[in-house]
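J.: Below you will find the structure I want to go over with you.
In mature numbering (1 follows the signal peptide of the UniProt record, and there is no 0), the protein residues as written are -23 to -1, 1 to 100.
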């Protein structure tokens, strides 16, 4: 009886310890992503990073250092829309379509001819 309780206790402790670390599909509790854009058509995206800074750095590298706007998010999707005069909007949502719709809504408040420039999902 004592042996069973010990094994049950060990298994329960391991399950609790492993649970939060593997909460996201990417293997981390927080699956960080980022999207960004800059002048001259520069853009970048990142997904499934263990930290916000890693996701940000990846987008910055993809833009060749030219991204002037970078937004981060975790365990969701993110999108950026840019208009004809470089007005922009960004959004995050559990779905790509939701993130794009939010980004377009904000962009259209400040500019015209908006279109989604970049998106990423990080779960």
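Cβ atoms here follow ideal geometry from the backbone N, Cα and C, with glycine treated the same way. Computed from a prediction, not measured in an experiment: that's the story for all the values here.
Is the region 55 to 67 touching the region 77 to 88 in the sense that three or more CB pairs, one from each, lie closer than 8 Å?
T.: Result yes; three or more Cβ-Cβ pairs closer than 8 Å.
J.: What does a CB cutoff of less than 8 Å around residue 38 pick up in its chain, not counting 5 residues either side in sequence?
T.: 21, listed in sequence order.
J.: Using the Cβ count rule (16 or more neighbours within 10 Å means buried), how would you classify residue 62?
T.: By the neighbour-count rule (16 or more Cβ atoms within 10 Å), residue 62 is not buried but exposed.
J.: Since residue 81 sits in a beta bridge, which residues does DSSP pair it with?
T.: According to DSSP, residue 81 bridges with nothing at all.
J.: Please list, in chain order, all residues of the same chain as residue 41 whose beta carbon is under 7 Å from its beta carbon, the five residues on each side excluded.
T.: Only 19 meet the Cβ criterion.
J.: Excluding the 5 residues preceding and the 5 following residue 33 in the sequence, name in chain order all residues of the same chain whose CB lies nearer than 7 Å to its CB.
T.: Answer for residue 33: 11, 47, 49, listed in chain order.
J.: Am I right that residue 84 and residue 58 are in contact with their C-beta atoms under 8 Å? What's the rounded C-beta distance?
T.: Sure, about 4 Å apart at Cβ, within 8 Å.
J.: Helix, strand or coil, according to DSSP, for residue 2 in the structure here?
T.: In this structure, residue 2 counts as coil in the three-state DSSP scheme.
J.: Given a threshold of 16 other Cβ atoms within 10 Å of its Cβ, counted over all protein chains shown, does residue 76 qualify as buried or as exposed?
T.: When all chains shown are included, residue 76 counts as buried.
J.: Specify the secondary structure class of residue 17 as computed by DSSP and reduced to three states.
T.: Note: residue 17 maps to helix in three-state DSSP.
J.: What are the boundary residues of the beta strand (DSSP E) that includes residue 58?
T.: 53 to 59 is the span of the beta strand (DSSP E), which, as asked, contains residue 58.
J.: Where does residue 7 fall in DSSP's three states?
T.: In this structure, residue 7 counts as coil in the three-state DSSP scheme.
J.: So, is residue 51 buried or exposed, given that buried needs 16 or more other C-beta atoms within 10 angstroms?
T.: It counts as buried.
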